[in-house]
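These notes are about the structure you will find just below.
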Amino acid sequence: LERIGMGSYSAMFVEQMVDVSMLKSLSLKDLRDELRVTNMSDRRRIFNGILMLLSRDLDKYTLPEDGRILTHLFNVRVFNAWIRCAVQVNRATTCLIRAWYLIRDGVRWLLL
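See the structure below:
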């Protein structure tokens with residue numbers, strides 16, 4: 001209410017214990033009769049603000065269309081495959097370095 005310039009009505013919303021679930025079913029008639037918002041332009045501003053708030057919240061929780069979900073899952077699988085590949089390369093490199101040290105030290109031991 002403060003954001004849309006209707007902060008003077010916030011005490012009435014608190015007094016009537018209006019919460020988010022009630023906002024979904026609130027009508028212009030409820031604003032006029034129950035919450036005593038007498039000015040028509042104020043009722044419209046509050047009602048439009050409620051609609052904008054609810055549409056923004058619904059957009060946040062809606063699932064993307066099927067194609068985007070599949071694309072996301074494909075991207076995650078590709079990323080995980082690259083990570084597994086990097087781990088295998090790291091293991092192979094470690095083994096080669098250890099083998100090189102063993103061979104080098106073995107040759108030095110044989111030369112003594």
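For the sequence shown, my numbering begins at 1 and goes up steadily by one.
Ideal Cβ placement from N, Cα and C applies to all residues, glycine included.
Taking only three categories from DSSP, how would you classify residue i?
| i | result |
| --- | --- |
| Gln16 | coil |
| Thr38 | coil |
| Ile4 | coil |
| Lys29 | helix |
| Tyr61 | Confidence is the limiting factor: at Tyr61 the pLDDT is only 48, short of 50, which leaves the residue's position unreliable, though a coordinate-based value still follows. Correct three-state label for Tyr61: helix. |
Tell me, to the nearest whole angstrom, how far the beta carbon of residue i is from that of residue j; I am working on the premise that it is less than 8 Å.
| i | j | result |
| --- | --- | --- |
| Ile46 | Met6 | 5 Å |
| Thr38 | Arg44 | Not really, about 13 Å apart at Cβ, beyond 8 Å. |
Leaving aside the five residues before and after residue i along the sequence, list all residues of the same chain whose C-beta is less than 6 Å from its C-beta, in chain order.
| i | result |
| --- | --- |
| Ser10 | Leu1 |
| Trp100 | none |
| Arg41 | The displayed chain sequence assigns Ser, not Arg, to residue 41. Same-chain partners within the cutoff: there are none. |
Let me check understanding here. Comparing Cα to Cα, which of the options lies closest to residue i?
| i | options | result |
| --- | --- | --- |
| Ile4 | Ser25, Ala86, Leu53, Thr93 | Leu53 |
| Val14 | Ser27, Glu34, Arg77 | Glu34 |
| Ser21 | Cys85, Leu51, Arg91, Asn75 | Leu51 |
| Ser8 | Arg36, Lys24, Asn75 | Arg36 |
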